[in-house]
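Per the numbering used here, residue 8 is the first one in the sequence shown, and the count goes up by one each step.
The beta carbon of each residue, even a glycine, is placed where N, CA and C say it ideally should be.
Computed from a predicted structure; not experimentally measured.
Worksheet for the structure shown next.
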Amino acid sequence: MGTLPERKDIPPWVKVPEDLKDPEVFQVPTRLLEAMFGPGGSRIPYIEQVSKAMLELKVLEPSGLTEVVVYGNYLYKLRTKWMLQSMAERQRLRQERGMLKLEEAMNALELGPSMK
8 MGTLPERKDI PPWVKVPEDL KDPEVFQVPT RLLEAMFGPG GSRIPYIEQV SKAMLELKVL
68 EPSGLTEVVV YGNYLYKLRT KWMLQSMAER QRLRQERGML KLEEAMNALE LGPSMK
């Protein structure tokens with residue numbers, strides 16, 4: 008990624024231009040974004056402040072994925088990437104467990120062979 012981010016409100020802890028070079032990039036299923044970042048991304052400023060990094064989200068429309076770009080000091084951006092990937096995996100597992108419970112409940116409600 009050779010271009011600098013378009014964002015105008017770069018946090019004060021991000022040093023320009025050295026922290027904006029060579030960002031960490033990973034993809035997250037778009038359906039997990041609200042669980043991770045709150046409605047409308049309301050938790051992003053807090054996550055940025057605590058992690059001392061800057062985040063950008065880029066929705067990749069046809070794939071159902073969102074690209075998360077993490078800028079900042081080398082160690083901070085690696086730590087932030089690891090934390091966000093862990094959050095995404097936890098949310099994915101929670102949704103998966105919820106779907107399994109729903110499937111079990113629906114199977115339990117089906118009529119048995121003697122009730123048909």
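So, at 8 Å on beta carbons, what are the nonlocal neighbours of Ser58 in its own chain, with the 5 sequence-adjacent residues on each side left out? Sequence index remark: in the sequence shown, residue 58 carries index 51 (1-based). Around Ser58: Gly79, Tyr83, Arg86, Thr87 and Met90.
Nearest-angstrom Cα distance between Arg50 and Gln92? Here residue 50 corresponds to residue number 43 of the sequence shown, with the count starting at 1. Here residue 92 corresponds to residue number 85 of the sequence shown, with the count starting at 1. Taking the straight line from one Cα to the other gives about 16 Å.
Are there three or more Cβ pairs, one per stretch, closer than 8 Å when the stretch 21-32 is compared with the stretch 64-78? Judged by Cβ distances under 8 Å, the stretch 21-32 makes contact with the stretch 64-78, as three or more pairs qualify.
One or two residues paired with Val32 in a DSSP bridge: Translated into the one-based positions of the sequence shown, residue 32 becomes position 25. Val32 pairs with Val76.
Is the stretch 106-116 in contact with the stretch 57-74, if contact means three or more CB pairs nearer than 8 Å? no
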